[in-house]
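Heads up: the sequence shown begins at 1090 in my numbering, then just goes up one per residue. In this text, a Cβ means the ideal position worked out from N, Cα and C, and glycines have one as well. In this text the structure is predicted, and so the values were computed from the model without any measurement.
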Amino acid sequence: MTEFAGHCHCGAIRVELTSALTAGELPLRACQCSFCRRHGGLTTADPKGRLHIEAAPGSANRYRFGLGVTDFLICAECGVYVAAMMEGEGGLTAVLNVRGVDLPGFEGRTPDPMIYDDETPDDRVARRAGRWMPAVFVETSPSA
Ligand SMILES: [Zn+2]
């Protein structure tokens, strides 16, 4: 198992991706939705891996649009798009924005462009069930 660690620009939101895959084996996807294009988002996920997200108090902004089933996690401090998360039957799943957290090992990769505009909400949930990864999101409590 490899642990890939990264964080948003200011460090308020920290992530750790645990995977049996190397950075070269993990997918790298350029979602072409209106949100991801504006952020230049490049995402990865390992359905057999695990993503741990830890946010400092008050640093996690959640943005929703379109079908409204996804929380786009944005740092309230530095504005970086960190991850997309969705609450499902099996719990929280997510994809990680490799570019937003500057995850090491993905430099020079050509991402696969992804266009999902015609999906129904059911399509979307079904696709993600096979591609998104289990995730844990915690907001740390303010230090005394
Ligand atoms: Zn930040």
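May I ask whether a heavy atom of ligand 1 can be found less than 7 angstroms away from the beta carbon of residue i?
i, result
"V1169", "yes"
"E1105", "no"
"I1102", "yes"
"E1166", "yes"
"H1098", "yes"
Looking at C-alpha atoms only, which residue of the options is the closest neighbour of residue i?
i, options, result
"S1230", "I1204, T1111, A1144 and Y1152", "A1144"
"A1224", "R1118, G1155 and G1179", "G1179"
"E1092", "R1220, S1123 and D1135", "D1135"
"H1088", "G1219, V1171, M1175 and I1102", "Outside the modelled stretch of the chain, which goes from 1090 to 1233, sits residue 1088, for which no answer is possible."
"G1130", "V1187, P1193, D1212 and E1228", "V1187"
"D1212", "T1111, L1156 and F1226", "L1156"
"R1198", "R1153, A1119 and R1126", "A1119"
"F1226", "R1151, R1220, Q1121 and P1202", "R1151"
"H1098", "L1192, A1173, T1182 and V1184", "L1192"
"R1252", "R1220, G1219, V1158 and I1204", "The chain is shown only over 1090 to 1233; residue 1252 falls outside these bounds and no answer can be derived."
"G1177", "S1148, D1160, E1228 and I1102", "D1160"
"G1035", "S1108, A1165 and P1200", "Residue 1035 is absent from the structure shown; the chain starts at 1090 and stops at 1233."
"L1140", "L1117, T1132, E1196 and A1183", "A1183"
"F1154", "V1190, C1122, R1217 and L1115", "C1122"
"G1194", "I1163, I1102 and P1116", "P1116"
If you count every other CB in all the chains shown that lies within 10 Å of the CB of residue i, and 16 or more means buried, which is it?
i, result
"A1215", "exposed"
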